[in-house]
Amino acid sequence: MRPIPAVIPSCCPACLRKGNRNGYNAGKIIWNSPMEATSTPLLSTPDFRFLPHTLAANNASQRDRWERDGVCIALVDEGVLLVEPPAATTSLVLSAGIHGNETAPIELLDRLVDRLLKGQLVPKARLLLILGNPPAMRRAERYVDTNLNRLFKTEGVEGSGYEPQRAQRLMNQVDRFFSQASGLRLHYDLHTAIRGSEYEKFAVYPHNQRTPHWDRGQLEWLAGAGIEAVLFQDRNSPTFSWYSSEVHNAHGFTLELGKVHPFGENDGSRLMAMESNLSALIEGRQPSRGALASLRLFRIRDQIIRKGERFELLFPDDLPNFSRFMPGSLISRDEESCYTLSGSPGYIIFPNAKVEIGARAALIAEAVDADQLFDSEAR
Numbered sequence: 001m002r003p004i005p006a007v008i009p010s011c012c013p014a015c016l017r018k019g020n021r022n023g024y025n026a027g028k029i030i031w032n033s034p035m036e037a038t039s040t041p042l043l044s045t046p047d048f049r050f051l052p053h054t055l056a057a058n059n060a061s062q063r064d065r066w067e068r069d070g071v072c073i074a075l076v077d078e079g080v081l082l083v084e085p086p087a088a089t090t091s092l093v094l095s096a097g098i099h100g101n102e103t104a105p106i107e108l109l110d111r112l113v114d115r116l117l118k119g120q121l122v123p124k125a126r127l128l129l130i131l132g133n134p135p136a137m138r139r140a141e142r143y144v145d146t147n148l149n150r151l152f153k154t155e156g157v158e159g160s161g162y163e164p165q166r167a168q169r170l171m172n173q174v175d176r177f178f179s180q181a182s183g184l185r186l187h188y189d190l191h192t193a194i195r196g197s198e199y200e201k202f203a204v205y206p207h208n209q210r211t212p213h214w215d216r217g218q219l220e221w222l223a224g225a226g227i228e229a230v231l232f233q234d235r236n237s238p239t240f241s242w243y244s245s246e247v248h249n250a251h252g253f254t255l256e257l258g259k260v261h262p263f264g265e266n267d268g269s270r271l272m273a274m275e276s277n278l279s280a281l282i283e284g285r286q287p288s289r290g291a292l293a294s295l296r297l298f299r300i301r302d303q304i305i306r307k308g309e310r311f312e313l314l315f316p317d318d319l320p321n322f323s324r325f326m327p328g329s330l331i332s333r334d335e336e337s338c339y340t341l342s343g344s345p346g347y348i349i350f351p352n353a354k355v356e357i358g359a360r361a362a363l364i365a366e367a368v369d370a371d372q373l374f375d376s377e378a379r
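Counting from 1, one number per residue, gives the positions in the sequence shown under UniProt numbering.
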């Protein structure tokens with residue numbers, strides 16, 4: 001695949017003439033290898049679809065840009081679309097497919113892009129729309145070489161193979177996007193889980209050191225979008241949403257939207273509330289907001305790391321996320337030690353005994369209420 005261009009691409013010439021420079025800076029060199037001029041931009045053709053185009057491996061290096069009714073739309077990398085309306089005050093990164101087999105969010109993002117390209121969705125927010133791991137999507141696998149969602153590190157990415165290179169490219173795109181942002185910064189990273197859950201749709205809300213409080217308005221937005229539970233994460237974790245939160249002071253969320261299914265086997269109606277709220281956000285309309293009291297709230301208390309080949313989790317493989325364990329429960333063991341839950345009851349989230357050695361095999365969470373999270377100033 002081609003590397004990220006050294007000079008940040010300009011938006012569409014028509015938009016630049018109109019003075020729309022709130023997106024990527026103008027540059028004379030668009031790509032390392034100049035894009036062939038075409039009479040009809042690829043993005044404007046009636047049969048263009050973002051997802052099929054991304055899944056076609058021969059399109060990996062193809063780039064394009066188009067202007068429609070003053071809105072600049074550019075294909076800036078494989079599976080990455082930049083949308084620049086004039087005078088936008090909200091900047092939204094919307095990503096899916098960081099894990100290639102998590103198809104429902106991928107299909108949701110494709111529906112939003114299709115409506116944008118057809119003019120059925122008129123953007124008022126700047127958008128960076130990302131299909132994260134195209135090779136894994138083509139294989140219908142979680143990843144190619146290693147878990148992409150553990151590679152978004154502020155100190156840089158190490159390692160060989162596809163995912164480390166892709167993580168660096170995506171961080172570069174996010175850096176460029178937010179470097180030109182004014183106003184509200186958001187990143188919703190859409191996923192589905194490999195197992196069932198006591199709460200079908202839940203959010204992981206990473207905290208950063210520069211923001212003193214969790215945001216009530218964002219929680220109400222999540223409740224209106226069909227989210228049932230929120231897991232507050234106040235420790236560093238090299239996920240995509242954490243990177244945007246930590247580095248760019250964005251409201252970043254990992255949104256788990258159900259269970260993994262193959263392409264074409266997802267029930268889109270189960271994500272109608274999420275799609276509706278995302279559409280409202282994109283168009284600058286008032287979204288649906290739910291009550292904070294409708295959300296079950298949890299905070300990460302501990303994590304379990306796989307340290308050896310003989311590591312095992314001591315509960316059934318199909319145990320749902322947010323299953324409750326009492327103090328004294330034996331949770332895991334390996335060649336050298338075991339993990340026994342102590343203190344108050346705990347809830348198991350993202351258990352996976354097959355992760356790479358040194359990786360997180362499960363999170364232990366505790367239930368909290370809003371009064372424990374928000375002090376009087378935040379209220």
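All residues carry an ideal CB built from backbone N, CA and C; glycine is no exception.
Nothing here was measured: the structure is a model prediction, and the numbers come from that model.
Measure from the alpha carbon of Val151 to the alpha carbon of each residue in Ser241, Thr89, Asp318, then state which is nearest. As a working mapping, residue 151 is identified with position 151 in the sequence shown. The displayed chain sequence assigns Leu, not Val, to residue 151. Of the listed residues, the one whose Cα sits closest to Leu151 is Ser241.
Tell me which residue opens and which closes the alpha helix (DSSP H) that Thr54 is part of. Here the question's residue 54 lines up with position 54 in the sequence shown. Counting along the chain, Thr54 sits inside the alpha helix (DSSP H) bounded by residues 50-55.
Using three-state DSSP, classify Gly346 as helix, strand or coil. Against the sequence shown, residue 346 aligns to sequence position 346. Reduced to three states, the DSSP call for Gly346 is strand.
query = Among Gly308, Glu200, Leu222, Ser344, which one has its Cα closest to the Cα of Glu336?
reply = For the purposes of this step, residue 336 is identified with residue 336 of the sequence shown, where counting begins at 1. Measuring from the Cα of Glu336, the nearest candidate turns out to be Gly308.
List the endpoints of the continuous alpha helix (DSSP H) containing Glu246. Position 246 of the sequence shown, counting from 1, holds the residue named residue 246. Residues 240-248.
If you count every other CB in all the chains shown that lies within 10 Å of the CB of Pro262, and 16 or more means buried, which is it?
As a position in the sequence shown, residue 262 is number 262, starting the count at 1. Classification of Pro262: exposed, given that the 10 Å Cβ count is below 16.
**Message:** If we require 3 or more residues per run, which beta strand (DSSP E) segments fall completely within the stretch 295-329?
**Reply:** If we require 3 residues or more, the beta strand (DSSP E) runs fully inside the stretch 295-329 come out as 296-305, 323-325.
Please decide whether Arg216 counts as near chain C, where near means a Cβ-Cβ distance under 8 Å.
This model lacks chain C altogether, as it is built from one protein chain only.
Which of the three DSSP states is assigned to Asn22 in this structure? Residue mapping note: residue 22 aligns to position 22 of the sequence shown, counting from 1. Low confidence applies here, because Asn22 scores a pLDDT of 38, under 50, leaving its location unreliable; read the following figure in that light. Collapsing the DSSP output to three states places Asn22 in coil.
Please list the segments of the alpha helix (DSSP H) lying wholly inside the stretch 131-209, counting only runs of 4 or more residues, in order along the chain.
DSSP runs (the alpha helix (DSSP H)) wholly in the stretch 131-209: 134-139, 162-179.
Q) Contact check, Ile331 vs Phe325 under 8 Å by CB: the rounded distance? A) Against the sequence shown, residue 331 aligns to sequence position 331. Against the sequence shown, residue 325 aligns to sequence position 325. 7 Å between Cβ atoms; contact.
So does the stretch 67-79 actually touch the stretch 152-165, counting three or more Cβ pairs closer than 8 Å? No: fewer than three Cβ pairs fall under 8 Å.
query: Is the beta carbon of residue 383 sitting closer than 8 Å to the one on Trp214?
result: Given that the chain is displayed from residue 1 to residue 379, the structure contains no residue 383 and the question cannot be resolved.
| query | How about Arg142: is its Cβ closer than 7 Å to a heavy atom in the ligand MN? | reply | Ligands are entirely absent from the displayed structure, and the ligand MN is therefore not among its contents.
message: Under 8 Å, with one C-beta from each stretch per pair, do the stretch 108-128 and the stretch 297-316 reach the 3-pair mark?
response: Pairwise C-beta distances place the stretch 108-128 out of contact with the stretch 297-316, as fewer than three of them are shorter than 8 Å.
Check your understanding: Near Ser33, what residues of its chain come up, given a Cβ to Cβ distance below 6 Å and the 5 sequence neighbours on each side ignored?
Key -> Residue numbering aside, residue 33 sits at position 33 when the sequence shown is read from its first letter. Note that Ser33 has pLDDT 31, beneath the 50 cutoff, so the model's placement of it is unreliable and the number below is only indicative. No residues qualify anywhere along the chain.
TODO: May I have the straight-line CA-CA distance separating Ile98 from Phe374, to the nearest angstrom?
DONE: The residue given as residue 98 occupies position 98 in the sequence shown. The residue given as residue 374 occupies position 374 in the sequence shown. Here the alpha carbon of Ile98 sits roughly 31 Å from the alpha carbon of Phe374.
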